[in-house]
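Chemist: One structure is given below, represented as structure tokens, and several questions about it will come after.
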Amino acid sequence: MPMLELQDVHAYYGNIHALKGISLTVEEGEIVTLIGANGAGKTTTLRTISGLLKPRQGKVYLEGEDLDQYKAHEIVYKGVAMVPEGRGIFAKLTVAENLDMGAYSRRDKKGIAEDLERVFELFPRLKERRNQVAGTLSGGEQQMLATARALMARPRLLLMDEPSMGLAPVLVEDVFDRIMEINHEGTTILLVEQNAHMALQVAHRGYVLQTGEIVLGDTADGLRQNPMVQKAYLGME
Amino acid sequence: MRHTLGQRLERFNYLDVVLWLFRIGIIVVIVWGTVATILDNPYSMRNWIDLLLTGLTQGSLYALIALGYTLVYGVLLMINFAHGEFFMSGVFTATVFVAIPLNEAGLWNRHPIPCLLLVTVVAMAVSMAIAVLTERVAYRPLRRAPRLIPLITAIGASFFWQYFFRGLYGSGITAFPTVQALAGKWTVAGLEIGKTDVVVMISSILLLIGLYIFVMQTKTGKAMRAVSEDKDVAALMGIDVDRVIVITFAVGAALAGAAGILYAMLYRQVNFFMGFYPGLKAFTAAVLGGIGSVPGAALGGLALGMFESIAPNLFLEGLGIPGANQLKDVVAFTMLVLILMFRPQGILGERLAEKKA
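Here the protein sequences come in this chain order: H and B.
In terms of my numbering, the first sequence has 142 at position 120, counting the first letter as 1, and numbering is strictly consecutive.
In terms of my numbering, the second sequence has 946 at position 132, counting the first letter as 1, and numbering is strictly consecutive.
Structure, rendered in structure tokens:
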């Protein structure tokens, strides 16, 4: 049974038909990437999985269970965490308070303390700044915080929305290294990226999204070899 | 952002001129009035200190009520104009069903502390119940409506509860039984101060500190702050946003319920309309302090209380205005208009543009 499965999902923003029948699967332990241009529906797909947006038609299954009956905050308790678009950190809360909020769904104090140590190992900068108000962090540090906060939920499935957006190239490499590390520790990842080049390097498989439809789905290598992907997303002729 | 002098002059228009003249006018009136009052010197130092203490007592009540406005605004960006009715409903119910029967049974003055605790708990519980009900029935269905619509609904809810309780308990003024133990005055360092005033001030300060700790330290308090920043992201943390909003209303109403009892101890009467003016004043205090800010509401409440207590005598008496101390409401609401004109974000608030970025 796949970890995550979308079957013919249609979603709307008001009258705008944003997703026109998305079907995809993510197996346990994988990194799967969704690539596509601005407005293709990548963020909408993630919002639909996390329950912020309900599909008007079609189903989202998490390990075979229909997620339609759950509200966004309940889906977190099912083991799905999200690093939202534009980082979405709580700017007026401190770094430590942001991480507390990441662990909001959990009651096991000991496990939370362990995970706090773990994310501080992964992102030592956050440890130095734990009592600083999050709004005063640099862009890269905010991205680290958003990722660390999602990890504090100890998710089995991590949804990441454009983690490289607005970061300097050096930091982008670093972010993708962290993504691989998180995956090696056993977290399944669905990664939305405009930076197809980097995304296809870390992912096992990928889907190409165009105006609300999946036009291509293949292994990451397969996509990298594909002439259409090379031309449209990797900037090769 | 900085502008050069040239840019500033370009952007300067007739409205700025009018506002500046207005500002200067206000300052002239205040300075003139103050100087005239001081030269005339109609009051002793003792009088001024009494006014200040009255203002502090009144201000601590405003602060308690203002917190309800500020908390709700913080999470929903909505002005809950029915908050004054949450204040009224608790103390009115507790007076009719608890305080008066206890007094008639002769227990009120024999065991004042348990009796006062009991009426306070009842008042807080009723205020909370009314607030939660109002949120559930009137506000929640409008969560995604344009912001003007919940505002009008809140005004409607305010009238509804006023006349609901008028129908329930009558339109007359009901006396809140006097607590004999707190009737007199204490002399502290040569200053006489009413025992009730002391109780009001100390209770308010303890409640304010308690609330601050709740908002800053507890998991629910942090979740409230998270929801006030971004509801979608808060939901992605597993926070039940609707539940946090209900808690916010309940906490604000509990403070209003407690403030209601303190108010009744001070003025010894309750009626269905008693929430209206304190509600408006507390709203003014919340705006003054910077709506959305918890320390701002506390500061704004105290500032407004002292200001409306002292300002009429200090600023207006010297101008030869008769009965200046009856003009405290004028002073308070003039202050609201002035804040909205010159510092809409309040003392501790941030600019609205930043808030919604």
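Glycine included, each C-beta is placed from N, C-alpha and C at the ideal position.
Considering only the beta carbon of each residue, do residue 905 of chain B and residue 1084 of chain B sit closer than 7 Å?
Modeler: Closer than 7 Å, so yes.
Chemist: For residue 1053 of chain B, which residues in chain H fall below 8 Å Cβ to Cβ?
Modeler: Near residue 1053 of chain B (Cβ distances below 8 Å), the residues of chain H are 95, 123 and 126.
Chemist: Which residues mark the beginning and the end of the alpha helix (DSSP H) in which residue 1011 of chain B is found?
Modeler: Residue 1011 of chain B -> alpha helix (DSSP H) spans 1009 to 1031.
Chemist: What span of residues does the beta strand (DSSP E) with residue 897 of chain B cover, start to end?
Modeler: Premise fails: residue 897 of chain B lies in the alpha helix (DSSP H), 897 to 908, not in any beta strand (DSSP E).
Chemist: For the putative contact between residue 1123 of chain B and residue 869 of chain B, defined by C-beta atoms under 8 Å, what is the C-beta separation to the nearest angstrom?
Modeler: About 3 Å separates the two Cβ atoms, so the contact holds.
Chemist: Kindly indicate if chain H contains any beta-carbon less than 7 Å away from that of residue 1047 of chain B.
Modeler: Yes, residue 1047 of chain B lies at the interface with chain H (some Cβ there is under 7 Å from its Cβ).
Chemist: Answer yes or no: does any C-beta atom of chain B fall closer than 7 Å to that of residue 182 of chain H?
Modeler: Output row for residue 182 of chain H: interface = no.
Chemist: Run down chain H in chain order and give the residues with a C-beta less than 7 Å from the C-beta of residue 1050 of chain B.
Modeler: By Cβ distance, chain H contributes 72, 94, 98, 104 and 106.
Chemist: Please go through the same chain and pick out, in chain order, the residues whose beta-carbon is closer than 7 Å to the beta-carbon of residue 969 of chain B, but skip the five residues on each side of it.
Modeler: Closer than 7 Å at Cβ, skipping near neighbours: 895.
Chemist: Going by the beta-carbon positions, is the gap between residue 234 of chain H and residue 93 of chain H smaller than 7 Å?
Modeler: The answer is no: Cβ separation not under 7 Å.
Chemist: Of the residues H:62, H:80 and H:97, which one's Cα is nearest the Cα of residue 180 of chain H?
Modeler: Checked all of H:62, H:80 and H:97; the closest Cα to residue 180 of chain H is H:97.
Chemist: Ordered along the chain, which non-local residues of its own chain (more than five positions away) have a Cβ less than 7 Å from that of residue 917 of chain B?
Modeler: Correct list, in chain order: 991.
Chemist: Taking Cβ positions, are residue 1067 of chain B and residue 945 of chain B nearer each other than 7 Å?
Modeler: In this structure, residue 945 of chain B lies closer than 7 Å to residue 1067 of chain B by Cβ.
Chemist: Under 6 Å Cβ to Cβ from residue 198 of chain H, same chain only, skipping five residues before and after it: list those, please.
Modeler: Excluding residues within five positions, the ones whose Cβ falls inside 6 Å are 220 and 224.
Chemist: Does the beta carbon of residue 36 of chain H sit closer than 7 Å to a beta carbon anywhere in chain B?
Modeler: No, residue 36 of chain H does not count as interfacial toward chain B.
Chemist: Pick from H:122, H:63 and H:30: whose alpha carbon is nearest that of residue 1032 of chain B?
Modeler: Minimum Cα distance to residue 1032 of chain B is reached at H:122.
Chemist: How do the stretch 160 to 178 of chain H and the stretch 139 to 150 of chain H stand: do at least 3 beta-carbon pairs fall below 8 Å, yes or no?
Modeler: Flag = yes, the stretch 160 to 178 of chain H and the stretch 139 to 150 of chain H touch.
Chemist: Do you know offhand how far residue 257 of chain H's Cα is from residue 32 of chain H's?
Modeler: Between residue 257 of chain H and residue 32 of chain H, the C-alpha separation is close to 30 Å.
Chemist: Less than 7 Å separating the beta-carbons of residue 814 of chain B and residue 873 of chain B?
Modeler: Here chain B comprises residues numbered 815 to 1171, so residue 814 of chain B is not present and cannot be evaluated.
Chemist: Which residue comes first and which comes last in the alpha helix (DSSP H) that contains residue 924 of chain B?
Modeler: No alpha helix (DSSP H) holds residue 924 of chain B; DSSP gives it neither H nor E.
Chemist: Let me confirm a value: residue 205 of chain H is counted as buried when at least 16 other C-beta atoms fall within 10 Å, else exposed. Which label applies?
Modeler: Its Cβ being crowded by 16 or more others within 10 Å, residue 205 of chain H is buried.
Chemist: What in chain B is Cβ-close to residue 119 of chain H, meaning under 7 Å?
Modeler: Under the 7 Å cutoff, chain B gives 1036.
Chemist: Under 9 Å, CB to CB, which of the residues in the stretch 1081 to 1102 of chain B have a partner in chain H?
Modeler: Cβ contacts with chain H come from no residue of the stretch 1081 to 1102 of chain B.
Chemist: Could you tell me the distance, in whole angstroms, from the CA atom of residue 86 of chain H to the CA atom of residue 218 of chain H?
Modeler: C-alpha separation (whole angstroms): 29 Å.
Chemist: So, does the CB of residue 110 of chain H fall closer than 7 Å to a CB anywhere in chain B?
Modeler: Judged by the 7 Å Cβ criterion, residue 110 of chain H is in contact with chain B.
Chemist: Just the C-alpha distance for residue 39 of chain H and residue 65 of chain H, rounded to the nearest angstrom, thanks.
Modeler: Approximately 14 Å between the Cα atoms of the pair.
Chemist: I need the straight-line Cα distance from residue 176 of chain H to residue 130 of chain H, nearest angstrom please.
Modeler: C-alpha separation (whole angstroms): 11 Å.
Chemist: If you follow the beta strand (DSSP E) that residue 45 of chain H is part of, which residue opens it and which one closes it?
Modeler: Start and end: 38 to 48.
Chemist: Which whole-angstrom value describes the C-beta separation of residue 183 of chain H and residue 214 of chain H, a residue pair presumed to lie in contact below a C-beta threshold of 8 Å?
Modeler: At roughly 5 Å, the Cβ-Cβ gap stays under 8 Å, so residue 183 of chain H and residue 214 of chain H are in contact.
Chemist: In chain order, what residues of the same chain have a beta carbon less than 8 Å from the beta carbon of residue 209 of chain H, not counting five sequence neighbours either side?
Modeler: Once the five neighbours on either side are set aside, the close Cβ partners of residue 209 of chain H are 173, 177, 178, 179 and 180.
Chemist: Under three-state DSSP, which class holds residue 240 of chain H?
Modeler: Reduced to three states, the DSSP call for residue 240 of chain H is strand.
Chemist: Any beta carbon of chain H sitting closer than 7 Å to that of residue 1043 of chain B?
Modeler: So yes, residue 1043 of chain B belongs to the interface.
Chemist: What is the rounded straight-line gap between the Cα of residue 997 of chain B and the Cα of residue 844 of chain B?
Modeler: Rounded to the nearest angstrom, the two C-alpha atoms are 37 Å apart.
Chemist: Would you give the residue range spanned by the alpha helix (DSSP H) that residue 111 of chain H belongs to?
Modeler: Segment: none, residue 111 of chain H is in no alpha helix (DSSP H) and carries neither H nor E.
Chemist: Would you check if the stretch 852 to 859 of chain B and the stretch 922 to 930 of chain B touch, i.e. whether three or more CB-CB distances between them fall below 8 Å?
Modeler: The stretch 922 to 930 of chain B is not in contact with the stretch 852 to 859 of chain B.
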